[in-house]
Each structure stands twice: as C-alpha cells, then as structure tokens.
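Working notes for the structure below.
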Amino acid sequence: MEKLWLENGGERFQVFHFRNDNDACIVMAHGFGAVKEALLPYADVFKEKFDVLLFDYRHFGKSDGEPRQLISIRKQLEDWERAVNYTKERYEKVVLWGSSFSGGHVLVVASKTEIDAVISQVPFVDGIACVKAAGIKNATLLTLAGVVDLIASMFGKEYRLPIVSSPNQLAFMNTSDSLKYLDMIPENVKWENSTPARIALTLPRYRPVKFVEEISCPVLYVVAEKDAITPAYAAYEAAKRTKKAKVFSIDCGHFDVYIDYFEECIKAEMDFLAGSL
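So this is what it looks like as structure tokens:
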C-alpha cells in the first residue's frame, strides 16, 4: 500500500493506494463523519482482484482542513472529482464505491463523468427522505443546532453535535443500531464522535436521486430493508430511475451491512463487478 496526497483548494487529502498492476481501480471513500480506515475490510477484499484508491476527505483523518471533521457536501464532491480524475489518468477502468453518505456522492459523480461501474451501498439518495426518517422532533432540533453553529462560525467558533448516539440523545444518527457505527472505527485511529452542526442545514437539499438518470454505467444498489437512516424506499426509487440498475437487498438495518452481513454484501458486490467489467 502506498500513501499519497492529493490537493484541492490548497488543502491536501490523504489517499491509500493498493496497487497490484490491474487495469481496473476501485475508488472508495467513507460515509457520514467516518474515516477511510473504517473501510479497510472492503479494500482488503477488493484488492485481491482490483487496485484500490481509498481516501479521506479534507477535514478528516490526516487530511488538511479546519475545523476538524467538518462535513461539507461541496468539498467532499470536489475531493471525489479530484480522486477520480487522478485514477482515470492511470487506469483503463474505474469503479466508484460509496456507502451511506458517500453512496450518494458516487451517484452524483458518475452522472457527470464516464465511469465503468458504481456500487452504492445503503445510499443517502434523498435528503428529504432521510429527514422524514429522523422524525420531526429530531429534524427540528438538528436544524436549530445547525443555525447556532453557522452563526458561531462567523465569530470563529463552532457548535458540535455527536455523529452517532443512542436514541435518547440528539445526534445526526440516533437509531437503535447507530452505536454499531463505533465498532467500525479502529481503536488506533484518531477520530472523535462529533461534527460541526451546520451540515444539518444542507442535508435536506442534497438529493443525489435527481442525478441518477444521467448515469450510463451499471450501478449496484445495496439496500437494507430495515434501514432507519437512509430508507430503503428512497434507494428503490433511485434504482428505478437508473438506466442500468441492479439491486441487492438484505433484511437488516443500516449498519448491519458493515458488520453482521458484511460477507453477503461483499460477495454480491464482487459478483456485480465480475459481470460488469
């Protein structure tokens, strides 16, 4: 594995490049508020047959950017574009892999550039659907926190919220299975369970489903039927609008695909790639 740095806007972001001289490379990035090391179990499987480019967004991990763990949709999409362009200059075939929040990002990116295949796992495809899933009370409190943080940022300060929590605490993800998220973060990786709250103001307006009709390559949607964070019905709607969509559904919750049902999901993804490239 080679550690690289790519740059956007004068800020660097860190890349793990697994190279085995294949002609196809899978570009991967983490979901909402995580770090690339959380995806190493996927990279370890993919690298057996493909090269892999796994990166942290700016503001995360060892990448540049202040405040730390700021979730910016615009900057994350810019980092995806930079990573994809880097990969396309070096490989004949490029695959995008995203999960949860990045599962939406890969759809947006694939709608704007030529890609060979996309895997979108338990994807954030419709901010409105996700807000509804969170419930009116949580959505309102998150919005208010976002306003507080936005005002604080004008004075060089910030207001942060947990990324995940149990259901009785306000957080961006506080479903009954949300604390499984913490099991995905390696203990030796510097990470905090918090993010500036201002991202709450942009989530409802982020709707990758609006871009999927422009995707020309095959897309695999991995759908968790009991997903209380990125609802299954929204993923099905995105798949219906996608020209070359395949769906792998599994009867579990959002975080189960990373842990309890990892083997089933990664097998479906490898089978999809074998038939698509």
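Residues in the sequence shown are numbered from 490 upward in steps of one, following my numbering. Each residue gets a CB set at the ideal place from its N, CA and C atoms; glycine is no exception.
Range of the contiguous beta strand (DSSP E) that encloses TRP494: Locating residue 494 in the sequence shown gives position 5, counting from the first residue. Residues 491-497.
Selected residue, minimal CA-CA separation from VAL698, among SER665, GLY635, LYS729: For the purposes of this step, residue 698 is taken as the residue at position 209 of the sequence shown. It is LYS729 whose Cα lies nearest to the Cα of VAL698.
Item to complete: Decide if TYR531 is buried, meaning its Cβ has at least 16 other Cβ atoms within 10 Å, or exposed.
Response: Taking the first residue of the sequence shown as position 1, residue 531 is located at position 42. Buried: at least 16 other Cβ atoms inside 10 Å.
Handout entry: Secondary structure, beta strand (DSSP E): runs of 3+ residues fully inside the stretch 734-763
Key = 734-739
To the nearest angstrom, report how far apart TYR670 and PHE744 are at their CA atoms.
-> Along the sequence shown, one-based indexing puts residue 670 at 181. Along the sequence shown, one-based indexing puts residue 744 at 255. The alpha-carbon atoms of TYR670 and PHE744 are separated by roughly 7 Å.
VAL746 versus GLY522, SER642, LEU528, residue with shortest Cα-Cα distance:
Position 257 of the sequence shown, counting from 1, holds the residue named residue 746. Of the listed residues, the one whose Cα sits closest to VAL746 is LEU528.
field: Start-end ranges of the alpha helix (DSSP H) lying completely within the stretch 562-644, minimum 4 residues
entry: 562-577, 590-599, 616-623, 625-642
Next on the checklist: For CYS514, list the residues DSSP reports as bridge partners.
Outcome noted: Counted from its first residue, the sequence shown places residue 514 at position 25. Bridge partners of CYS514: ASP540, VAL583.
Check: For the beta strand (DSSP E) that ARG501 lies in, which residues bound it at each end?
Finding: Taking the sequence shown and counting its residues from 1, the one referred to as residue 501 is at position 12. Where ARG501 is concerned, the enclosing beta strand (DSSP E) stretches over 500-507.
Next on the checklist: Are the CB atoms of ALA513 and LYS582 within a distance shorter than 9 Å?
Outcome noted: Your numbering for residue 582 matches position 93 in the sequence shown. Your numbering for residue 513 matches position 24 in the sequence shown. Cβ atoms of LYS582 and ALA513: closer than 9 Å.
Problem - ALA723: first and last residue of the uninterrupted alpha helix (DSSP H) it sits in - result: Start at 1 with the first residue of the sequence shown, and residue 723 comes out as number 234. Run containing ALA723: 721-730, per the alpha helix (DSSP H) assignment.
Whole angstroms is fine: what's the gap from SER665's alpha carbon to ALA523's? Counted from its first residue, the sequence shown places residue 665 at position 176. Counted from its first residue, the sequence shown places residue 523 at position 34. Between SER665 and ALA523, the C-alpha separation is close to 19 Å.
Reference ALA727, options PHE549, LYS601, VAL708, closest by Cα
Stepping through the sequence shown from its first residue, residue 727 is reached at position 238. If you compare the alpha carbons of PHE549, LYS601, VAL708 with that of ALA727, the shortest gap goes to VAL708.
*asked:* Pairs of beta-carbons, one from the stretch 635-645 and one from the stretch 679-695, closer than 8 Å: are there three or more?
replied: yes
Worksheet item: Going by alpha carbons, who is nearest to SER738 out of CYS754, ALA723, ILE748, THR731?
Response: Indexing the sequence shown from 1 puts residue 738 at position 249. Closest option to SER738, Cα to Cα, is CYS754.
(message) My assumption, with CB atoms under 8 Å, is that GLU526 sits in contact with PRO675. Please give the rounded CB distance.
(response) Start at 1 with the first residue of the sequence shown, and residue 526 comes out as number 37. Start at 1 with the first residue of the sequence shown, and residue 675 comes out as number 186. Contact holds; Cβ gap of about 5 Å.
*Between the beta-carbon of VAL485 and the beta-carbon of SER588, is there less than 9 Å?*
With the chain covering 490 to 766 only, the question about residue 485 has no answer from this structure.
Exercise. Below 6 Å CB to CB, which residues in the same chain sit around THR576 once its five sequence neighbours on both sides are set aside?
Key: As a working note, residue 576 is residue 87 in the sequence shown. So the qualifying residues of the chain are CYS514, VAL516, LEU542, VAL583.
Since TYR710 is in the beta strand (DSSP E), which residue starts that stretch and which ends it? Numbered from its first residue, the sequence shown carries residue 710 at position 221. Counting along the chain, the beta strand (DSSP E) containing TYR710 begins and ends at 708-713.
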